[in-house]
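*Asks:*
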Amino acid sequence: MKPKYALIAFYTDDNKILIQNRKSIAKNGEEWGFFGGSIEAGETDLQAVIRETKEELGIDLDEKELIFLGMVKTIHFDVYSSIFISKLNTPLDKINVLEGDGCGLFSEKECSKLKLSSGDLFRTKLVYNYLCLRK
Numbered sequence: 011m012k013p014k015y016a017l018i019a020f021y022t023d024d025n026k027i028l029i030q031n032r033k034s035i036a037k038n039g040e041e042w043g044f045f046g047g048s049i050e051a052g053e054t055d056l057q058a059v060i061r062e063t064k065e066e067l068g069i070d071l072d073e074k075e076l077i078f079l080g081m082v083k084t085i086h087f088d089v090y091s092s093i094f095i096s097k098l099n100t101p102l103d104k105i106n107v108l109e110g111d112g113c114g115l116f117s118e119k120e121c122s123k124l125k126l127s128s129g130d131l132f133r134t135k136l137v138y139n140y141l142c143l144r145k
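Here the sequence shown is numbered in the working numbering, starting from 11 and rising by one per residue.
#1: Exposed or buried, Ile93, counting other C-beta atoms within 10 Å across all chains shown (16 or more means buried)?
#2: In the DSSP assignment, find the unbroken beta strand (DSSP E) run with Ile60 in it and report its ends.
#3: Among residues of its own chain, excluding the 5 on either side of Ser34, which ones have a beta-carbon nearer than 8 Å to its beta-carbon?
#4: For Thr63, which residues in the same chain have their Cβ closer than 7 Å to its Cβ, ignoring the five residues on either side in sequence?
#5: Along the chain, where does the alpha helix (DSSP H) containing Leu141 start, and where does it finish?
#6: Do you know offhand how far Leu141's Cα is from Leu76's?
#7: May I have a chain-ordered list of the beta strand (DSSP E) segments no shorter than 3 residues that lie completely inside the region 31–116?
#8: Starting from Val17, follow the beta strand (DSSP E) in both directions and report where the run begins and ends.
#9: Identify, in the order they occur along the chain, each residue of the same chain with its Cβ nearer than 8 Å to the Cβ of Val59, setting aside the five sequence neighbours on each side.
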């Protein structure tokens with residue numbers, strides 16, 4: 011089983027995560043989702059998430075800043091995604107979203123009200139579980 015996608019969840023000290031506004035680029039009707047994307051040929055999931063973060067947010071990540079949360083299978087498809095998390099060190103108003111329609115920081119309760127894909131809804135639960143356990 012090889013992941014097809016690499017995704018990143020940036021988090022804050024108050025357990026909010028950065029979610030991308032995807033209304034203009036949605037492929038399956040979702041309006042919000044994680045930053046990240048497809049793993050290219052010859053690329054590891056770690057290399058992909060670093061590249062995607064640069065392409066979508068203009069943020070240069072060092073692999074030491076990333077925590078590998080795990081690999082999950084999309085509920086309705088036989089597609090695997092690697093999920094990474096990292097502390098958000100850039101103020102929200104200084105983030106330059108280069109793909110999509112912006113972003114926002116959301117609590118677990120707020121995320122549950124967003125129009126996320128079923129896969130991203132599941133992935134947000136994994137991220138919040140990790141954030142709760144790390145304290």
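Glycine included, each C-beta is placed from N, C-alpha and C at the ideal position.
*Replies:* For this structure:
#1: buried
#2: Segment Asp55 to Leu67 is the alpha helix (DSSP H) holding Ile60; no beta strand (DSSP E) there.
#3: Gly110 and Asp111
#4: Ile18, Phe45, Ile69 and Leu71
#5: Ser128 to Leu143
#6: 14 Å
#7: 45–48, 77–83, 90–97 and 113–116
#8: Position check: residue 17 holds Leu in this sequence, whereas Val was assumed. Segment Tyr15 to Tyr21, the beta strand (DSSP E) holding Leu17.
#9: Ala16, Leu17, Ile18, Gly46, Leu71, Leu76, Ser92 and Phe94
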